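Q: Here's a structure for you.
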């Protein structure tokens, strides 16, 4: 088209141009990370990620006057805090906000067409956007997980905590919780990405899943396995049953071993992403209807 | 010699319905390189046609191929095609330069290539000085130009522009039209939708008139006008003896009206065959019947064609 840039070759388009796809994914991830971390919508994510830290920070300055308050109860307290607040609320709603907005947010902002008018496979776009959401959620919520654990332990039992995390089981537990956080981002992320592609108002399916996950303890063993939370709970370093009673109506099911949980969740994630890619491949841009 | 299919934009019996609402219906078009203008009133289906061409919409029936590439293969299509839409929206927080270069990265260009191509595109739309300012602070005309830069940056062979002159001041309009003509001269396909009929007249090699989702006419403006036999061509001849010329031409079967101008120094003629009329006029001049000062077709332009075929004034469309 122009003599000044005639020498510039268009990127290669042979049948499986992995190098090109990787470059494109990197470009998409870079664009999306900027939006995720510094965009207008990121404020809510930071608030969600910080929400467990603020009460723990305040609690750090409080000296509990309770005879049962000792170092040994901290692992149970953290298990409850992690399960009920961080995993079920912070990570769940954080992932919902991040991943639903990857496509839905761009439809609202009327900027998705710029991607659709680029010489990029829609499948590559889905992978790039998903990875950007994954990086964002893992960075933020792993930080929340780690910092909240440290904030619970260190201010009250400094020397014991140091030993616990350097010589005892603390580091193993910390890494296990961080791993569960990452896996939760992988699973919830894929679900919310695809919901954002199919549903105009994704809040409703998000709330339905939230209810399903909360009621998981009441479900019969077979139905328990049709949820993300069951597999995540199975990998808890401190079993929930040892930390909290779920009441007389709770149905106890054997935890699924990690060697089944992790591949199963990854497999389902891949299937869900393939569905997202198919949907994106056939998607039209009609902002008026979005 | 006919243009090969891999150098054409081909609509093959394309229809698009939004539920029960008609977008476009039974469109059959073959568009060759050069500037092709899509003209029609609001809601006629121009943007639908452009969105179909670029795969942003999918046809309900029929198929579309640009230079032999089907529109459902964006990874191939947009190596060759650039589309400047009417959507006046941008990713948040980007500068003009970042906006252009970031999508070049998505195309797969590396840093060096993307920087060079961005610079060339910015120069072409005269936006180098403002390139490092946030797009959010741009005027409407600047936003229009930066979108144009983004659509041409990867050097496409087909450029599709939805109302590209909207919001531009007269000077920039003229520069932009000159750029379009230059790109067309380089062998590009330019598909442009516009409401400004005199600008369409000025820059187009051919027009596609669309109304209510149907293609009403297509081709060279004068060719389209020639084919409208129900609207005889109006020609104004300024000459020394209009009454004599009127008597001379009125005997011809293709002349349906000859009327003296109010100042008695000109003659309006309506003819069904302009070519035969011009031959007749030549003969009258060479035989010394009249001295002609000027000859001007009155309704052989885009505005007239639009008014006859679509029925309203184009500029209000």
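Residue numbers (our numbering), protein chains in the order written: chain B, 15 to 304; chain A, 126 to 442. Glycine residues also receive a C-beta, built at the ideal position from the N, C-alpha and C atoms. A quick note: this is a predicted structure, and the numbers were derived from the prediction, not measured.
What are the boundary residues of the beta strand (DSSP E) that includes residue 421 of chain A?
A: Residue numbering aside, residue 421 of chain A sits at position 296 when the second chain is read from its first letter. First-last of the beta strand (DSSP E) with residue 421 of chain A: 417 to 422.
Q: Give a yes or no on whether the C-beta atoms belonging to residue 83 of chain A and residue 328 of chain A are separated by under 8 Å.
A: This structure cannot settle anything about residue 83 of chain A, because the visible part of chain A is limited to 126 through 442.
Q: So what's residue 311 of chain A in DSSP terms, helix, strand or just coil?
A: Here residue 311 of chain A corresponds to residue number 186 of the second chain, with the count starting at 1. Looking at residue 311 of chain A - three-state DSSP - the assignment turns out to be coil, as it is neither helix nor strand.
Q: To the nearest angstrom, how far is it from the Cα of residue 122 of chain B to the Cα of residue 210 of chain B?
A: Here residue 122 of chain B is taken as the residue at index 108 of the first chain, counted from 1. Here residue 210 of chain B is taken as the residue at index 196 of the first chain, counted from 1. Each residue's alpha carbon lies about 11 Å from the other.
Q: Run through chain A and tell me which residues come within less than 7 Å of residue 81 of chain B, C-beta to C-beta.
A: Residue numbering aside, residue 81 of chain B sits at position 67 when the first chain is read from its first letter. For residue 81 of chain B, none of the residues of chain A pass the 7 Å Cβ criterion, the least Cβ distance being about 54 Å.
Q: Answer with buried or exposed for residue 118 of chain B, where buried requires no fewer than 16 other C-beta atoms within 10 angstroms of its C-beta.
A: In the first chain, residue 118 of chain B corresponds to position 104, counting from 1. By the neighbour-count rule (16 or more Cβ atoms within 10 Å), residue 118 of chain B is buried.
Q: Would you report the Cα separation of residue 294 of chain B and residue 393 of chain A, rounded to the nearest angstrom?
A: Mapped onto the first chain, residue 294 of chain B falls at position 280. Mapped onto the second chain, residue 393 of chain A falls at position 268. Looking at the two C-alpha atoms, the distance is approximately 60 Å.
Q: Check the C-beta distance from residue 331 of chain A over to residue 159 of chain A and give it rounded, since I have them as a contact under 8 Å.
A: Here residue 331 of chain A corresponds to residue number 206 of the second chain, with the count starting at 1. Here residue 159 of chain A corresponds to residue number 34 of the second chain, with the count starting at 1. Yes, they are in contact, since the Cβ atoms of residue 331 of chain A and residue 159 of chain A sit about 7 Å apart, within 8 Å.
Q: Residue 309 of chain B by DSSP, collapsed to three states: which one?
A: Residue 309 of chain B falls outside the range modelled here, since chain B spans only 15 to 304, and no answer is possible.
Q: Name the DSSP bridge partner or partners of residue 336 of chain A?
A: As a working note, residue 336 of chain A is residue 211 in the second chain. Answer is A:339.
Q: For residue 297 of chain B, which residues from the same chain have a beta carbon less than 6 Å from its beta carbon, with the 5 sequence-adjacent residues on both sides left out?
A: Reading the first chain from its first residue, position 283 is the one you call residue 297 of chain B. Once the five neighbours on either side are set aside, residue 297 of chain B has no close Cβ partner at all.
Q: Taking only beta-carbon positions, decide if residue 440 of chain A is within less than 8 Å of chain B.
A: Residue numbering aside, residue 440 of chain A sits at position 315 when the second chain is read from its first letter. The pLDDT assigned to residue 440 of chain A is 48, lower than 50, so where the model puts this residue is not dependable, and the model offers no usable value.
Q: When you compare the stretch 290 to 305 of chain A with the stretch 135 to 152 of chain A, are there three or more beta-carbon pairs, one atom per stretch, that lie closer than 8 Å?
A: Two segments are said to touch when three or more pairs of C-beta atoms, one from each, lie closer than 8 Å; by this definition the stretch 290 to 305 of chain A does not touch the stretch 135 to 152 of chain A.
Q: Just how far apart, CA to CA, sit residue 18 of chain B and residue 349 of chain A?
A: In the first chain, the residue the question calls residue 18 of chain B occupies position 4. In the second chain, the residue the question calls residue 349 of chain A occupies position 224. Unreliable positioning characterises residue 18 of chain B in this predicted model, as indicated by a pLDDT of 44, which lies under 50. A coordinate reading is not provided.
Q: Kindly list the residues whose CB is nearer than 7 Å to the CB of residue 215 of chain A, restricted to its own chain and excluding five residues on each side of it in sequence; keep chain order.
A: In the second chain, the residue the question calls residue 215 of chain A occupies position 90. Contacts found: 224, 260.
Q: Is the shortest distance between the beta-carbon of residue 298 of chain B and the beta-carbons of chain A less than 8 Å?
A: Residue mapping note: residue 298 of chain B aligns to position 284 of the first chain, counting from 1. Cβ-Cβ to chain A under 8 Å: yes for residue 298 of chain B.
Q: Under the DSSP definition of a beta bridge, which residues are partnered with residue 205 of chain B?
A: Position 191 of the first chain, counted from the start, is the residue given in the question as residue 205 of chain B. Residue 205 of chain B pairs with nothing; no bridge assigned.
Q: With distances taken Cα to Cα, identify the nearest neighbour of residue 71 of chain B among B:83, B:169, B:88.
A: Taking the first residue of the first chain as position 1, residue 71 of chain B is located at position 57. Considering only alpha carbons, the answer is B:169.
Q: At a CB-CB cut-off below 7 Å, which residues of chain A make contact with residue 170 of chain B?
A: Sequence index remark: in the first chain, residue 170 of chain B carries index 156 (1-based). None at all; the shortest Cβ gap to chain A is about 42 Å.
Q: In angstroms, rounded to a whole number, what distance separates the CA positions of residue 134 of chain B and residue 88 of chain B?
A: What you label residue 134 of chain B is simply residue 120 of the first chain in a count that begins at 1. What you label residue 88 of chain B is simply residue 74 of the first chain in a count that begins at 1. For residue 134 of chain B and residue 88 of chain B, the distance between alpha carbons rounds to 50 Å.
Q: In chain order, which beta strand (DSSP E) runs of at least 3 residues are fully inside the stretch 154 to 205 of chain A?
A: The stretch 154 to 205 of chain A contains these whole beta strand (DSSP E) runs: 159 to 164, 186 to 191.
Q: Starting from residue 382 of chain A, follow the beta strand (DSSP E) in both directions and report where the run begins and ends.
A: Counting from one through the second chain, the residue named residue 382 of chain A turns up at place 257. Start and end: 380 to 385.
Q: Does the beta carbon of residue 418 of chain A sit closer than 8 Å to a beta carbon anywhere in chain B?
A: Mapped onto the second chain, residue 418 of chain A falls at position 293. Closer than 8 Å: no.
Q: Give the residues of chain A in contact with residue 125 of chain B, contact being defined as C-beta atoms less than 9 Å apart.
A: The count along the first chain starts at 1 and reaches residue 125 of chain B at position 111. Under the 9 Å cutoff, chain A gives 212, 214, 215, 216, 217.
Q: Taking the Cβ atom as the reference point for each residue, do residue 100 of chain B and residue 59 of chain B lie within a distance shorter than 8 Å?
A: The residue labelled residue 100 of chain B in the question sits at position 86 within the first chain. The residue labelled residue 59 of chain B in the question sits at position 45 within the first chain. No; because the gap between Cβ atoms is not below 8 Å, this pair is not in contact.
Q: Helix, strand or coil: which one does DSSP assign to residue 17 of chain B?
A: Within the first chain, numbered from 1, the residue matching residue 17 of chain B stands at position 3. For residue 17 of chain B, the predicted model reports a pLDDT of 46, less than 50, meaning its position is unreliable; a value from the coordinates is still stated below. Residue state, collapsed to three classes: coil.
Q: Among A:269, A:273, A:433, A:217, which residue has its Cα nearest to the Cα of residue 120 of chain B?
A: Here residue 120 of chain B refers to the residue found at position 106 of the first chain. Among A:269, A:273, A:433, A:217, the Cα nearest to that of residue 120 of chain B belongs to A:217.
Q: Could you tell me whether the stretch 206 to 226 of chain B touches the stretch 275 to 295 of chain B, using the rule of 3 or more Cβ pairs below 8 Å?
A: Contact holds: three or more Cβ-Cβ distances are below 8 Å.
Q: List the residues of chain B whose Cβ lies closer than 8 Å to the Cβ of residue 263 of chain A, in chain order.
A: Walking along the second chain from the start, residue 263 of chain A turns up at place 138. Neighbours of residue 263 of chain A on chain B: none; closest Cβ ~15 Å, over 8 Å.
Q: So that I know if they touch, is there some Cβ in chain A lying closer than 8 Å to that of residue 58 of chain B?
A: Translated into positions along the first chain, residue 58 of chain B becomes position 44. No, residue 58 of chain B does not count as interfacial toward chain A.
Q: Roughly how many angstroms lie between the CA atoms of residue 127 of chain A and residue 156 of chain A, to the nearest whole one?
A: On the second chain, residue 127 of chain A is found 2 positions in, with the first residue counted as 1. On the second chain, residue 156 of chain A is found 31 positions in, with the first residue counted as 1. In a straight line, the C-alpha of residue 127 of chain A is about 12 Å away from that of residue 156 of chain A.
Q: What residues of chain A sit near residue 25 of chain B, judged by a beta carbon separation below 7 Å?
A: Within the first chain, residue 25 of chain B is the residue found at index 11, counting from 1. Under the 7 Å cutoff, chain A gives 232, 233, 234.
Q: Near residue 272 of chain A, which residues of its chain fall below 6 Å by C-beta distance, leaving aside the five closest residues on each side in sequence?
A: Reading the second chain from its first residue, position 147 is the one you call residue 272 of chain A. The residues are 209.
Q: Residue 366 of chain A by DSSP, collapsed to three states: which one?
A: Within the second chain, residue 366 of chain A is the residue found at index 241, counting from 1. Residue 366 of chain A falls in the coil class under three-state DSSP.
Q: Which residue comes first and which comes last in the alpha helix (DSSP H) that contains residue 248 of chain B?
A: Taking the first residue of the first chain as 1, we reach residue 248 of chain B at position 234. In this chain, the alpha helix (DSSP H) harbouring residue 248 of chain B covers 242 to 248.
Q: Are residue 341 of chain A and residue 435 of chain A touching if we call contact CB-CB under 8 Å?
A: To locate residue 341 of chain A, count along the second chain from 1; it is residue 216. To locate residue 435 of chain A, count along the second chain from 1; it is residue 310. Contact: yes.
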